[in-house]
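Asks:
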Amino acid sequence: MTIGDHLRTMTVQAESPDGNIWSRVHDYTRLDVGFRPFAYERYDEPSLSYQLARLGLLTWVAWSRERTEIYRRTVNLTTDEAGRATWTEDPARLRYEAELNAIEAAGVSTHGAVRVRTVGMMQWQVDVEPGTLRRLVEPTFAGEIHAAFDALMSDRQRQIIMLKSEYFDLGLPRRWQDIMTEARRLNRS
Numbered sequence: 094m095t096i097g098d099h100l101r102t103m104t105v106q107a108e109s110p111d112g113n114i115w116s117r118v119h120d121y122t123r124l125d126v127g128f129r130p131f132a133y134e135r136y137d138e139p140s141l142s143y144q145l146a147r148l149g150l151l152t153w154v155a156w157s158r159e160r161t162e163i164y165r166r167t168v169n170l171t172t173d174e175a176g177r178a179t180w181t182e183d184p185a186r187l188r189y190e191a192e193l194n195a196i197e198a199a200g201v202s203t204h205g206a207v208r209v210r211t212v213g214m215m216q217w218q219v220d221v222e223p224g225t226l227r228r229l230v231e232p233t234f235a236g237e238i239h240a241a242f243d244a245l246m247s248d249r250q251r252q253i254i255m256l257k258s259e260y261f262d263l264g265l266p267r268r269w270q271d272i273m274t275e276a277r278r279l280n281r282s
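Under the numbering used here, the residues of the sequence shown are numbered 94 to 282, in order.
1) Residues in the same chain with beta-carbon distance under 6 Å from GLU237, minus the five sequence neighbours each way, listed in chain order, please.
2) Does the Cβ-Cβ distance between SER142 and VAL221 come in under 8 Å?
3) Going by DSSP, what residue range makes up the beta strand (DSSP E) through ASP321?
4) Return the CA-CA distance between LEU150 and MET246, expressed in angstroms with no decimal places.
5) Could you check which residue in MET215, PRO266 and HIS204 has the C-alpha nearest to that of ALA244?
6) How would you label TYR121, buried or exposed, when you count the other beta carbons within 10 angstroms and need 16 or more for buried?
7) Taking HIS119 as part of the beta strand (DSSP E), name the residues at either end of that continuous run.
8) Would you be able to state if there are at least three C-beta pairs under 8 Å between the stretch 96-110 and the stretch 159-176?
9) Considering just the uninterrupted stretch of the alpha helix (DSSP H) at ASP220, what are its terminal residues?
10) Under 8 Å, with one C-beta from each stretch per pair, do the stretch 247-260 and the stretch 186-195 reach the 3-pair mark?
11) On a Cα-Cα basis, can you pick out the residue from LEU124, TRP217 and PHE128 that is closest to GLY112?
12) What are the residues that DSSP puts in a beta bridge with GLU197?
This is the structure in structure tokens:
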């Protein structure tokens with residue numbers, strides 16, 4: 094099996110700090126989220142926002158660790174060898190990794206009920222719009238989570254492609270890169 098095959102068959106799971114929400118990522122980036130029985134009805138928007146933000150971080154950490162482990166096993170490295178292999182003193186690579194870890198991505202659900210923002214995928218903020226829990230039943234709300242996550246990942250992937258094009262030759266026309274850089278600058282101001 095190739096690394097890609099292993100990544101597509103990878104499944105990771107996590108649960109929120111209070112244990113009432115679970116997540117599962119499979120097929121590399123497909124997300125499932127669910128609630129323990131009767132848990133959804135007990136939340137208010139601020140507490141649910143907090144639990145979802147922590148769940149996002151915990152899920153990302155589990156996903157990253159499993160992905161790293163798959164790479165390690167696929168190339169037959171011991172844990173020590175893999176730890177040494179990831180270190181680099183190349184200044185360009187270090188700048189790239191610093192910028193990658195600083196990417197600010199955002200996603201909004203289809204109906205605007207859920208907003209997700211991340212910085213480097215290690216800082217998560219989730220906002221559930223006031224009144225959402227009274228308005229939406231659990232399966233509909235879960236759909237809003239999925240839509241916000243998909244939008245977040247699309248935004249992040251777009252930014253990663255642009256970042257990679259600055260450091261590595263991806264064959265993107267220079268004019269496209271300039272347009273995207275300008276759009277990113279305008280979005281930040």
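From the three backbone atoms N, C-alpha and C, an ideal C-beta is built for every residue, glycine too.
Replies: To lay it out plainly:
1) Excluding positions up to five away in sequence, the list reads SER202, ALA206 and VAL207.
2) In this structure, the beta-carbon distance from SER142 to VAL221 falls below 8 Å.
3) Nothing about residue 321 can be reported from this structure: the residues present for the chain run from 94 to 282 only.
4) Rounded to whole angstroms, LEU150 to MET246 spans 14 Å at the Cα level.
5) Comparing Cα-Cα distances from ALA244 to each of MET215, PRO266 and HIS204, the minimum goes to HIS204.
6) By the neighbour-count definition (other C-beta atoms within 10 Å, threshold 16), TYR121 is an exposed residue.
7) 114-119 is the extent of the beta strand (DSSP E) around HIS119.
8) Yes: the two stretches touch, three or more of their Cβ pairs being nearer than 8 Å.
9) Looking at the DSSP string, ASP220 is not in any alpha helix (DSSP H); the run it does join, the beta strand (DSSP E), is 216-221.
10) The stretch 247-260, when compared against the stretch 186-195, does touch it at the 8 Å Cβ threshold.
11) Minimum Cα distance to GLY112 is reached at PHE128.
12) DSSP, once it has assigned bridges, lists VAL212 as partnering GLU197.
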